[in-house]
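Quick notes on the structure that follows.
In this note's numbering, the protein residues as written are 283 to 409.
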């Protein structure tokens, strides 16, 4: 679950209604087990970049992490952003997910910060 103990609307983000937004889900046996969203959005450290896309809402069901399901999601998000004019992609990654994003070519930007009581880092890569 993306935000355990919170109502579903807590996982709705500004920008999700952009017609260029893409939601990717992986299902096993009819159950959605991994998800993510990407949409055009400038990063806080490079607001002038009009070719920026942001990843949000990456989640894989507990007990299924480490099976490359998240890689299927992130690959789909990167492909969508790239094929829609994106040249730069970024996210606010939980520090526990740094290695996951690094394996897809993301690097850390700046210092860790708290977001909703969880330590995060900004990560990005060129497309």
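Where is the CB? At the ideal position from N, CA and C, for every residue including glycine.
Query                                                                                                                                                      : Result
Please report the distance separating the alpha-carbon of residue 297 from that of residue 328.                                                            : 18 Å
Looking at the structure shown, is residue 334 part of a helix, part of a strand, or coil, going by DSSP?                                                  : strand
Going by DSSP, name the residue or residues bridged to residue 325.                                                                                        : 328
Out of 300, 309 and 345, point me to the one whose CA is closest to residue 335's CA.                                                                      : 300
Looking at residue 337 and residue 386, is the spacing between their C-beta atoms short of 7 Å?                                                            : no
Quick one: residues in its chain with C-beta nearer than 7 Å to the C-beta of residue 393, no 5 flanking neighbours on either side, listed in chain order? : none
What is the residue span of the beta strand (DSSP E) that residue 376 lies within?                                                                         : 370-376
Between residue 314 and residue 358, is the Cβ-Cβ spacing less than 7 Å?                                                                                   : no
Quick check: what's the CA-CA separation for residue 325 versus residue 346?                                                                               : 30 Å
CB-CB under 6 Å to residue 319, same chain, minus the five flanking residues each way: which ones, in chain order?                                         : 305, 338 and 339
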